[in-house]
Each structure stands twice: as structure tokens, then as C-alpha cells.
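1 is the number of the first residue of the sequence shown in my numbering; add one for each residue after it. The C-beta atom is built at its ideal place from N, Cα and C for all residues, glycine as well.
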Amino acid sequence: MISIVIPILNESENIEKLLFHLIDNASLQNIQEIVVVDGGSTDGSQEIVENLDLKVRLIHSKKGRARQMNFGARIAKGEILYFLHADSFPPTHYDKYIIDKIKQNNQAGCFRLTFDNNHWWLRLASWLTQFSWRACRGGDQSQFITKALFEDIGGFDESFTIYEDNILINELYKRKQFVVINKKIKTSDRLYKRHGIWKLQYYFWVIYLKKWFGASAEDLHTYYKKNIA
1 MISIVIPILN ESENIEKLLF HLIDNASLQN IQEIVVVDGG STDGSQEIVE NLDLKVRLIH
61 SKKGRARQMN FGARIAKGEI LYFLHADSFP PTHYDKYIID KIKQNNQAGC FRLTFDNNHW
121 WLRLASWLTQ FSWRACRGGD QSQFITKALF EDIGGFDESF TIYEDNILIN ELYKRKQFVV
181 INKKIKTSDR LYKRHGIWKL QYYFWVIYLK KWFGASAEDL HTYYKKNIA
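Below you can see the structure in the form of C-alpha cells.
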């Protein structure tokens, strides 16, 4: 059974659509629960979730995606955890694809990525996510992992305000416990629209290189806050 964990902060634009998408595109006997972890939304996101006639758990946490996802994982009852961003929509039968990989002794992984934008660079970036290269990984691809392995690793590193997904993924690659499902999850291009494709891509590359050369969690957050947030 899968527990879906969705961290949110001011996601009124997406959260209702995503929750219905998750229910409409899965076999519900495979879904233990959907846990929405709110980090202090002020845009009505909490009320939207509460007022939906859906079996969704809304819980509250201190702000911080790693902190929110860890909190959701702690109360989750499923044997498989599926971490999902609020603006990313997994493929039809996503539950079956995840369970099939688990049955094949793959304890963690993600989906390929596609953007809701047809720009040639984003199409190229999406195409590259089918390969197992660690540099092509990111949280927008979502993350499934057995709860046992997640707990063994120690969850997401809460000292990282950003890049927490990649820290976990790096640990999974070290353990040779990562697989890419060759089906596409569609994510929003909203950050690219806000900053411009080339400028945002440059910022992402700088963050990746800063971490590669040993930048601290605080350094990464300072750079992200100055240029992207």
C-alpha cells in the first residue's frame, strides 16, 4: 500500500486539481492514504483541502519541505512512501508502476519528467530524465521509496531548505537503490515563466555546482533566496 505525502505552502492554484488527479488515475485499493502536509499556507490552501469530499489527511508542520515530508512520513501507514510536489501530476496507473518496481526488488525511484511547456530546451531536459544519470534527477520527478529504506537512511536532511531531494537521491545512488520508471510525470513551468528559462537554468546549474564543490546548506539557501525565491 502506498502513502502519498504532499508538502504544500500556498498551493491553492494546484492542490485541488492534484488531489482529484491522484484519485482518478490510480486503483484506490493500492492507496493507503493521501497526506497533505501544510507548512503555514495563507492563501486558502488548507481550507480547500478541508472542504473537499475526499479521504485526505491534512496535517500541519513547521515550514520547510524536508521537515514537512519527514513529518508526513512519520505518521504514514503505508509500506511505500510516495513524495510528490503539488504542481507535479503523475501518469495514469502511477500506483501500479510503483508497486511493480517494488516487486522487482527496486526499493526507490522516480518517473521521467515532462513540462507543461513545449520550449525546445525544456523538451530536451525532459528527454534526458529517462536516463539513470544522477545529474538528471530532481524532486519534480517525485520520489517513491519503501518506508523501511527511508527510515534506515534517516529521512530527508532537514538542514537543507532546498536541495533536500537531491541529498536523499545521492544516498540512494550510493546504495544502488534507484530506478527511473519510463513513464512521464508532468510538472509546472511556473518558475521558468517567472524568471525566464535561461536565467533559471543558470541558477539551477550554479546551485548544483556549488553543492558539488562543498557549499553548505546555508550557502545554498542564501543563493536560492537571493535569486529564485
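- Closest in C-alpha terms to aspartate 140, from the list Ser41, Ile162 and Tyr173, comes Ile162.
- If you check the CB distance, serine 45 and isoleucine 15 come in under 8 Å.
- In this chain, histidine 221 is not harboured by any beta strand (DSSP E); it is covered by the alpha helix (DSSP H) spanning 217-227.
- DSSP, read as helix, strand or coil, puts alanine 148 in helix.
- In the three-state DSSP reduction, phenylalanine 160 falls in the coil class, being neither helix nor strand.
- Separation of serine 188 and phenylalanine 89 (C-alpha to C-alpha, rounded to the nearest whole angstrom) is 9 Å.
- For serine 126, the closest alpha carbon among the candidates Val180, Ile34 and Asn70 is that of Val180.
- By the neighbour-count definition (other C-beta atoms within 10 Å, threshold 16), asparagine 70 is a buried residue.
- Take isoleucine 48, set aside five residues on each side of it, and the residues of its chain with a beta-carbon closer than 7 Å to its own are Ser12, Ile15 and Glu16, in chain order.
- Under the three-pair Cβ rule at 8 Å, the segment 28-36 does not count as touching the segment 100-119.
- Of all C-beta pairs linking the segment 170-178 to the segment 71-81, fewer than three are shorter than 8 Å, placing the two stretches out of contact.
- The residues Asn14, Thr187, Ser188 and Arg190, in chain order, have a CB closer than 7 Å to that of aspartate 87 in the same chain once the five nearest residues on each side in sequence are set aside.
- Under the DSSP assignment, serine 3 falls in the beta strand (DSSP E) whose first and last residues are 2-8.
- At a cut-off of 3 residues, the continuous stretches assigned as beta strand (DSSP E) that sit fully inside the segment 166-205 are 179-187.
- Note on geometry: alpha-carbon atoms of arginine 194 and phenylalanine 178 lie some 32 Å from one another.
- In the three-state DSSP reduction, aspartate 95 falls in the helix class (H, G or I).
- Beyond the five residues adjoining it in sequence on each side, aspartate 219 comes within less than 8 Å, by CB distance, of Lys210 in the same chain, given in chain order.
- Boundaries around glycine 72 are those of the alpha helix (DSSP H), 65-75, since no beta strand (DSSP E) includes it.
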